[in-house]
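Residue numbers (the numbering used here): 450 to 680.
Note that the Cβ used here is the ideal one computed from N, Cα and C, for glycine as well.
A quick note: this is a predicted structure, and the numbers were derived from the prediction, not measured.
Some notes on the structure that comes next.
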Amino acid sequence: MSSLTTWITGARPRTLPAAIAPVLVATALAQSNANILRALLALLVSLALQVAVNYSNDYSDGVRGTDADRIGPTRLVASGLASASAVKKAAIYSFLVAAIAGLSLAWLTSWWLLLIGAAAVFAAWTYTGGKKPYGYSGLGEISVFVFFGLVATVGSYYVQTETITLHSFIVAIPMGSLSCAILAANNIRDRAKDETVGKHTLAVRLGDRRSRILFFTLLLSAHVAPLLTLS
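What follows is the structure, given as structure tokens:
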């Protein structure tokens, strides 16, 4: 049986700030209309989805064998620290936590949020899971920008204020850009290994130089976008 430390490592806590930041930004934007209960539920959804993504990626990449000789953080399945079935269960439990918190938010606000939640879960699993994972085709950054940028920020703002504003989209851009930059940096690091195992991430498709330009552009957009709120 794997230890608690092992499961915490597998959850990759260093990635969690990317899930926390959109909710904090949205809550700050809501100002006097901020709703602490709904903000906490949104935070739980975001954190649970991030952990679910991390476990599901660990499972899917592990059973495919694409995590062998990995350079980055330790993966549970590839390293043998936990069985594939146990990691898959951890991903499912994390998805369930996100679903319960999401259902609570939908009940408090609007049921159409269930469609967004279902899309988020589907995107999280099929990033590296399923027969044709889109993360293996260079589409990971797009999904990250949409769900950990736009959806996480605008959604967190909406559940507290029950309105959607242009400013909520503008402040979502830095959140999405920074999350994409994290993924881009990881993919640049793993580019050579990913290419040999047939994992055609955006870094593999663009090559080293253009991938680094993309990384710089993402960081730049994260700093420039907030200036639009001054107009």
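| query | Which stretch, first to last residue, makes up the alpha helix (DSSP H) that contains residue 553? | reply | Here residue 553 is taken as the residue at index 104 of the sequence shown, counted from 1. Here the alpha helix (DSSP H) through residue 553 covers 533–557.
| field | Delimiting residues of the alpha helix (DSSP H) encompassing residue 634 | value | Walking along the sequence shown from the start, residue 634 turns up at place 185. Unbroken alpha helix (DSSP H) run through residue 634: 615–638.
| Would you say residue 651 and residue 633 are within 9 Å of each other, going by their C-beta atoms? | Numbered from 1 along the sequence shown, position 202 holds the residue referred to as residue 651. Numbered from 1 along the sequence shown, position 184 holds the residue referred to as residue 633. For residue 651 and residue 633, yes; Cβs fall inside 9 Å.
| field | Three-state secondary structure assigned by DSSP to residue 611 | value | Along the sequence shown, read from residue 1 onward, the residue named residue 611 stands at position 162. Reduced to three states, the DSSP call for residue 611 is coil.
| said: Quick check on residue 529: buried or exposed, where buried means 16 or more other Cβ atoms within 10 Å of its Cβ? | reply: As a working mapping, residue 529 is identified with position 80 in the sequence shown. The residue in question, residue 529, is exposed, as its Cβ has fewer than 16 Cβ neighbours within 10 Å.
| Proximity below 9 Å, CB of residue 597 to CB of residue 480 | Residue 597 sits at position 148 when you count from the first residue of the sequence shown. Residue 480 sits at position 31 when you count from the first residue of the sequence shown. Not in contact: residue 597 and residue 480 (Cβ atoms no closer than 9 Å).
| field | Anticipated Cβ contact below 8 Å, residue 566 with residue 577, distance rounded | value | Position 117 of the sequence shown holds residue 566. Position 128 of the sequence shown holds residue 577. At roughly 20 Å, the Cβ-Cβ gap does not stay under 8 Å, so residue 566 and residue 577 are not in contact.
| query | Who are the Cβ neighbours of residue 574 in its own chain at under 7 Å, not counting the five residues just before and after it? | reply | One-based indexing of the sequence shown puts residue 574 at position 125. So the qualifying residues of the chain are 505.
| query | residue 497 and residue 543: beta carbons closer than 9 Å? | reply | One-based indexing of the sequence shown puts residue 497 at position 48. One-based indexing of the sequence shown puts residue 543 at position 94. The answer is yes: Cβ separation under 9 Å.
| message | Please report the straight-line C-alpha distance between residue 648 and residue 483, rounded to a whole angstrom. | response | On the sequence shown, residue 648 is found 199 positions in, with the first residue counted as 1. On the sequence shown, residue 483 is found 34 positions in, with the first residue counted as 1. Rounded to the nearest angstrom, the two C-alpha atoms are 42 Å apart.
| Roughly how many whole angstroms lie between the Cα atoms of residue 656 and residue 454? | In the sequence shown, counting from the first residue as 1, residue 656 sits at position 207. In the sequence shown, counting from the first residue as 1, residue 454 sits at position 5. If you take the alpha carbons of residue 656 and residue 454, they lie about 36 Å apart.
| How do the stretch 616–629 and the stretch 544–559 stand: do at least 3 beta-carbon pairs fall below 8 Å, yes or no? | no
| Reduced DSSP secondary structure (H/G/I, E/B, other) of residue 582 | Reading the sequence shown from its first residue, position 133 is the one you call residue 582. Here residue 582 sits in coil by DSSP.
| task | Can you say whether residue 658 is buried or exposed, counting buried as having 16 or more other CB atoms within 10 angstroms of its CB? | result | Along the sequence shown, read from residue 1 onward, the residue named residue 658 stands at position 209. So residue 658 ends up on the exposed side.
| Pick from 495, 579, 507, 545: whose alpha carbon is nearest that of residue 468? | The sequence position of residue 468 within the sequence shown is 19, counting from 1. Nearest option by C-alpha distance: 495.
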